[in-house]
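Note that the sequence shown covers residues 1 to 176 in the UniProt record's numbering.
For every residue, glycine included, the Cβ atom is placed at its ideal position computed from N, Cα and C.
Just so it is clear, the structure is predicted and the values come from calculations on it, not from any experiment.
Data first, discussion second: the structure below is written as structure tokens.
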Amino acid sequence: VKKKREKQRRRDRMRDRAMDRIQFACSVCKFRSFEEEEIQKHLQSKFHRETLRYIGTKLPDKTVEFLQEYIVNRNRKIEKRRQELTEKEGSKQKPDPFKAGIGQEHFFKRIEAAHCMACDMLIPAQNHLLQRHLRSADHNRNRRMAAEQFKKTSLHVAKSVLNNKHIVKMLEKYLK
């Protein structure tokens, strides 16, 4: 049983690494997506710019510029890797978990929902419910607290990215 669990953990780690290699990401904002359009939108967003601006109050401007270029280039490489995979394997359909033995007798219903990370809550993707949640006092309080916490975390993440031995070398070259 113990060996089986360890083997499963190894398999899960390998799968997670493989997913990281094809998932677009902005590490400082903790933003991840499998859609190239979404990462592009994020990198142009006010949220991303403000995060970099905050990091810029604690780190040199050139270092923040490097960080932005690093994130953009990393996502370009991911896009290239995804294209190579698509060419090699073709576009595989993801298996539908609802077709794998989950019938009407289980009383499941597929829904689209939004996850409010500030409140850690799923909200059905219906405009009036989303708007009501956005206007709630709880959400606004949680959003402000999350934003403050997020700023601190983004700086910590930026510093840890910049402390990676490979990235340190790239930063030194960039600054010259």
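Only counting the same chain, and skipping five residues up and downstream in sequence, which positions put a Cβ closer than 8 Å to that of residue 98? Locating residue 98 in the sequence shown gives position 98, where the first residue counts as 1. 108 and 110, listed in sequence order.
- Message: Can you tell me where the beta strand (DSSP E) holding residue 122 begins and where it ends?
- Response: Mapped onto the sequence shown, residue 122 falls at position 122. DSSP places residue 122 in the uninterrupted beta strand (DSSP E) bounded by 121-124.
Meets three-Cβ-pair contact criterion under 8 Å: the stretch 65-81 and the stretch 35-45:
Cβ pair count under 8 Å is three or more, so yes.
Sub-8 Å separation of residue 28 and residue 63 beta-carbons: Locating residue 28 in the sequence shown gives position 28, counting from the first residue. Locating residue 63 in the sequence shown gives position 63, counting from the first residue. Not a contact, by the Cβ cut-off of 8 Å.
query = Just curious, the alpha helix (DSSP H) that residue 33 is in, first and last residue?
reply = Indexing the sequence shown from 1 puts residue 33 at position 33. Looking at the DSSP string, residue 33 is not in any alpha helix (DSSP H); the run it does join, the beta strand (DSSP E), is 31-33.
C-alpha distance - residue 4 paired with residue 14, whole-angstrom precision: For the purposes of this step, residue 4 is taken as residue 4 along the sequence shown, with counting starting at 1. For the purposes of this step, residue 14 is taken as residue 14 along the sequence shown, with counting starting at 1. Taking the straight line joining both Cα atoms gives about 15 Å.
Check: From the DSSP output, which residues share a beta bridge with residue 42?
Finding: Taking the sequence shown and counting its residues from 1, the one referred to as residue 42 is at position 42. Residue pairing by DSSP leaves residue 42 without any beta bridge partner.
Practice problem: Measure the C-alpha to C-alpha separation of residue 104 and residue 96 and round it to an integer number of angstroms. | Solution: Counted from its first residue, the sequence shown places residue 104 at position 104. Counted from its first residue, the sequence shown places residue 96 at position 96. Roughly 15 Å between the two C-alpha positions.
Could you please give the first and the last residue of the uninterrupted alpha helix (DSSP H) stretch that includes residue 139?
Looking up residue 139 in the sequence shown gives position 139. Counted as a single uninterrupted DSSP element, the alpha helix (DSSP H) harbouring residue 139 occupies residues 137-162.
Using 8 Å as the Cβ pair cut-off and three pairs as the minimum, do the stretch 140-150 and the stretch 161-173 touch?
Contact fails between the stretch 140-150 and the stretch 161-173, because fewer than three Cβ pairs, one in each stretch, are under 8 Å apart.
For residue 66, three-class secondary structure by DSSP: Taking the first residue of the sequence shown as position 1, residue 66 is located at position 66. In the structure shown, residue 66 sits in a helix (DSSP, three-state: H, G or I).
Report buried or exposed for residue 55, applying the criterion of at least 16 other Cβ atoms within 10 angstroms of its Cβ. Indexing the sequence shown from 1 puts residue 55 at position 55. The residue is buried, with at least 16 neighbouring Cβ atoms inside 10 Å.
TODO: Can you tell me which of the three DSSP states residue 108 falls into?
DONE: For the purposes of this step, residue 108 is identified with residue 108 of the sequence shown, where counting begins at 1. Three-state DSSP puts residue 108 in coil, outside helix and strand.
Discussion item. Quick check on the burial criterion: 16 or more other C-beta atoms within 10 angstroms. Buried or exposed for residue 71?
Written reply: Translated into the one-based positions of the sequence shown, residue 71 becomes position 71. Label assigned to residue 71: buried.
Alpha carbons only, please: which of 102, 58, 115 and 36 is nearest the one belonging to residue 143? Start at 1 with the first residue of the sequence shown, and residue 143 comes out as number 143. Taking each of 102, 58, 115 and 36 in turn and checking the Cα distance to residue 143, the smallest one comes out for 115.
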